[in-house]
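Presented below is the structure to which this report refers.
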Amino acid sequence: ELSESVQKGFQMLADPGSFDSNAFTLLLRAAFQSLLDAQADEAVLDHPDLKHIDPVVLKHCHAAAATYILEAGKHRADKSTLSTYLEDCKFDRERIELFCTEYQNNKNSLEILLGRTLIPHPIQRLVLVAAWNNYRTWWGNLKMLRKAWKEQLSCNLGKLTIRPSAEENQRRLAFS
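For the sequence shown, full-length UniProt numbering begins at 1 and goes up steadily by one.
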């Protein structure tokens, strides 16, 4: 669930009166670029075709778009899920298609950003879980071996007879 602020920003972005088709496209691409490119700066928001939009509204809508993109990526949203939410926010068919296309074009990079591609397939997850369980078993066995070794060592130390050195023998004889 997105915050009310994000929802309002997203609804403003859907409004053709606030963002014409060109401004919408520029802002949407800027949102993806700012997430995926560490070198991206706010200069993309200074584009001449965005100058007529209040900078506060522009940044608010940019943040809302970026937030939605991240949430969609985090939940691995498909086109149907994206479309449903965008329709709820009053996006028209053209903007929904553009958003879904941009999302699809950037999906792999977004998943890398979110760390999803490290374990993308269920079988690979099972292998990772099995490896982790093997490690835990090994570590548990090692801890048990260390405990047994310490017990054996202390038992063996208790059996040892400590012979006094020649100096200690002389001191004992001197006091007796």
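Where a beta carbon is used, it is the ideal one built from N, C-alpha and C, also for glycine.
Given the structure is predicted, the values throughout are model-derived calculations rather than measurements.
Coarse secondary structure for GLU102, derived from DSSP in three states: Working through the sequence shown from its first residue, we reach residue 102 at position 102. Residue state, collapsed to three classes: helix.
Meets three-Cβ-pair contact criterion under 8 Å: the region 13–27 and the region 84–101: yes
Close beta carbons around HIS47, own chain, < 6 Å, minus the five adjacent residues each side: Residue mapping note: residue 47 aligns to position 47 of the sequence shown, counting from 1. Cβ within range, chain order: LEU26.
Contact check, VAL6 vs THR67, beta carbons under 7 Å: As a working mapping, residue 6 is identified with position 6 in the sequence shown. As a working mapping, residue 67 is identified with position 67 in the sequence shown. THR67 is positioned such that its CB atom lies closer than 7 Å to that of VAL6.
Where the alpha helix (DSSP H) containing VAL44 begins and where it ends: The count along the sequence shown starts at 1 and reaches residue 44 at position 44. Element bounds for VAL44: n/a, residue is neither H nor E.
Opening and closing residue of the alpha helix (DSSP H) in which ALA64 lies: As a working mapping, residue 64 is identified with position 64 in the sequence shown. Unbroken alpha helix (DSSP H) run through ALA64: 55–74.
Boundaries (first-last residue) of the alpha helix (DSSP H) holding GLU87: On the sequence shown, position 87 is the one that residue 87 refers to. It spans 79–88 - the alpha helix (DSSP H) in which GLU87 sits, taken as one unbroken run.
Spatial neighbours of CYS100 in its chain, beta-carbon cut-off 6 Å, leaving aside the 5 residues before and after: Start at 1 with the first residue of the sequence shown, and residue 100 comes out as number 100. The answer, listed in chain order, is LYS79 and LEU82.
Beta-carbon proximity check, GLY17 vs HIS60, cutoff 7 Å: Counting from 1 along the sequence shown, the entry for residue 17 is found at position 17. Counting from 1 along the sequence shown, the entry for residue 60 is found at position 60. Result no, Cβ atoms of GLY17 and HIS60 do not sit closer than 7 Å.
Helix, strand or coil at ASP49 according to DSSP, with G and I counted as helix: As a working mapping, residue 49 is identified with position 49 in the sequence shown. It is helical.
HIS52 vs ALA31 beta-carbon contact at 7 Å: Within the sequence shown, the letter at position 52 stands for residue 52. Within the sequence shown, the letter at position 31 stands for residue 31. No.
Span separating the alpha-carbon of ASN105 from that of GLU87: Stepping through the sequence shown from its first residue, residue 105 is reached at position 105. Stepping through the sequence shown from its first residue, residue 87 is reached at position 87. Approximately 20 Å between the Cα atoms of the pair.
Enclosing alpha helix (DSSP H) for LEU27 [first to last residue]: Start at 1 with the first residue of the sequence shown, and residue 27 comes out as number 27. Run containing LEU27: 21–36, per the alpha helix (DSSP H) assignment.
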